[in-house]
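Numbering (this note's numbering), first residue to last: 5 to 446.
We treat Cβ as the ideally placed atom computed from N, Cα and C, and that holds for glycine.
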């Protein structure tokens, strides 16, 4: 069936049927009265019209949804160029026992805002489907368009240009079951199982498949191709490891050797003395010479940079934290990591801080000391897909920005701080505050 045939409208059939029956009521009545053969002839003619009309048109009901200019129309074919009915199609896919609709094949480019995107749709008898806002998503996200028919064990993944503005086609191929296991020797030595793990698989640099699981084992289904895979485990407690692999035509199963993960510094150093400052260019505000100078206080280290929008958004929240908990013994220290030798002096930082004051800070100043730290790529201590931005980021295992690290009153690492009810309970426990309802208004 051609794409052109598939696009013929239901209205066309109605018009053709109407023109066929444009007989006057008088002439039709005359035929029926004169001969039974007239009825037979009429029925035969109608049957011939049905037979010679394109079946794709006859079987397709009118479209009930209203399409917009950003919707994406997709045609799904098998390897023999035949339309595939009942294939699920969308943007990226998720597997695993901890998926959002587990176990399933679902489509969410950003789990944090999943309500903003179409989850999935299925192809009809002609192998076609419409993805709401599909062109917009392809333009705004580096993400693949994926399709799968579970019953026929077919799948397809395609990357289209961001400016796609026409109907697109996905070819499905016999899929391969890819399976394996994540491992962390450091946890195994302590008898702790690796749990709450995630995998991300990319094709030509675009996310196509994710796997979320409470267990270290994984199983995903992919068509032939060249892929890269990243993994992180222990509820974001490990560094990110990376591996590449390929699937050849006709391969039904592929077992990958165990993927070794290394703990972040913030996990590995729990209860141990916190690494001291390194590569500090200067302090904005009165900063300590050493973390030892802050013994007796609970310290929150905020790793951030001018180049990180999410970091900047968190600054007003940190100012609130400082105002709320300073009297209870909290000392917040901003650690600004430079990039591209852009902010390497107090005068350059002041110029940037002034723009924040005029913008997101709404006239306020940052109330806690900020250290300017030079960019100095440093290998992580363990298996990692990339280097840290500086030595301190390497010591604490900082792979995402912002990252906030807590240090207890004895100068030992107490883990990461997160802007959640659990995070505030942890902070207040370190501060020795009594049990009461004392969280920031959210």
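As DSSP reads the structure, residue 201 sits in a beta bridge with 217. Residue 404 sits exposed, since fewer than 16 C-beta atoms from the chains shown fall within 10 Å of its C-beta. Under the three-state reduction of DSSP, residue 354 is assigned to helix.
Rounded to whole angstroms, the separation of the alpha carbons of residue 221 and residue 271 is 22 Å. If you look at residue 345, you'll find it isn't in any alpha helix (DSSP H); DSSP assigns it neither H nor E.
Counting of Cβ neighbours within 10 angstroms places residue 306 among the buried residues, the total reaching 16 or more.
When beta bridges are read from the DSSP output, residue 207 appears opposite 210. In the structure shown, residue 320 falls within a helical segment according to DSSP collapsed to helix, strand and coil.
Shortest Cα-Cα distance from residue 152 to any of 202, 170 and 89 involves 89. Counting the other Cβ atoms within 10 Å of the Cβ of residue 237 gives 16 or more, which makes it buried. Its chain contains 134 and 171 as the residues whose beta carbon lies nearer than 6 Å to that of residue 77, once the 5 sequence neighbours on both sides are disregarded; these appear in chain order. The beta carbon of residue 364 is closer than 8 Å to those of 316, 317, 319 and 320 in its chain, skipping five residues each way along the sequence. Restricted to the region 233-288, the beta strand (DSSP E) segments that are unbroken, complete and at least 3 residues in length are 245-251, 257-259 and 284-288, listed in chain order. Distances from the CA of residue 162 to each of 279, 214 and 95 were compared; the closest alpha carbon is that of 95. Residue 200 and residue 323 have their C-alpha atoms some 32 Å from each other.
In this structure, residue 359 keeps its C-beta atom at 8 Å or more from the C-beta atom of residue 383. By the beta-carbon neighbour count (other beta carbons within 10 angstroms, threshold 16), residue 299 is exposed. Its Cα nearest to that of residue 401, the residue 274 stands out among 274, 167, 309 and 287. The count of Cβ pairs closer than 8 Å, one atom from the region 375-382 and one from the region 406-416, stays below three, leaving the stretches out of contact. With a contact defined as Cβ atoms closer than 8 Å, residue 211 and residue 204 qualify at about 6 Å. Taking a 10 Å sphere around the C-beta of residue 250, we find fewer than 16 other C-beta atoms and assign the residue as exposed. In this structure residue 207 does not touch residue 82 by the C-beta definition: roughly 20 Å separates them, more than the 8 Å allowed. Residue 391 sits in coil when the DSSP states are folded into three classes, being neither helix nor strand.
For residue 91, no alpha helix (DSSP H) segment is defined, and its DSSP state is neither H nor E. The region 181-192 makes no contact with the region 124-140; the number of CB pairs closer than 8 Å stays below 3.
For residue 142, the enclosing alpha helix (DSSP H) begins and ends at 138-144.
Within the same chain, and ignoring the five residues on either side of residue 143 in sequence, the residues whose Cβ sits closer than 6 Å to its Cβ are 166.
Secondary structure at residue 420: strand, using DSSP grouped into helix, strand and coil.
Excluding residues up to 5 positions away in sequence, 350 and 376 lie with their Cβ nearer than 6 Å to the Cβ of residue 286 in the same chain.
Per DSSP, the unbroken alpha helix (DSSP H) holding residue 192 starts and ends at 189-193.
Taking 8 Å as the cut-off, the beta carbon of residue 312 is found no closer than this to the beta carbon of residue 256.
Per DSSP, residue 429 is one residue of the alpha helix (DSSP H) stretching across 425-435. In this structure, residue 218 sits away from residue 245, with a CB-CB distance that is not shorter than 8 Å. Here residue 397 carries a helix assignment [DSSP, helix/strand/coil]. One Cα belongs to residue 100, the other to residue 432, and the distance between them is close to 35 Å.
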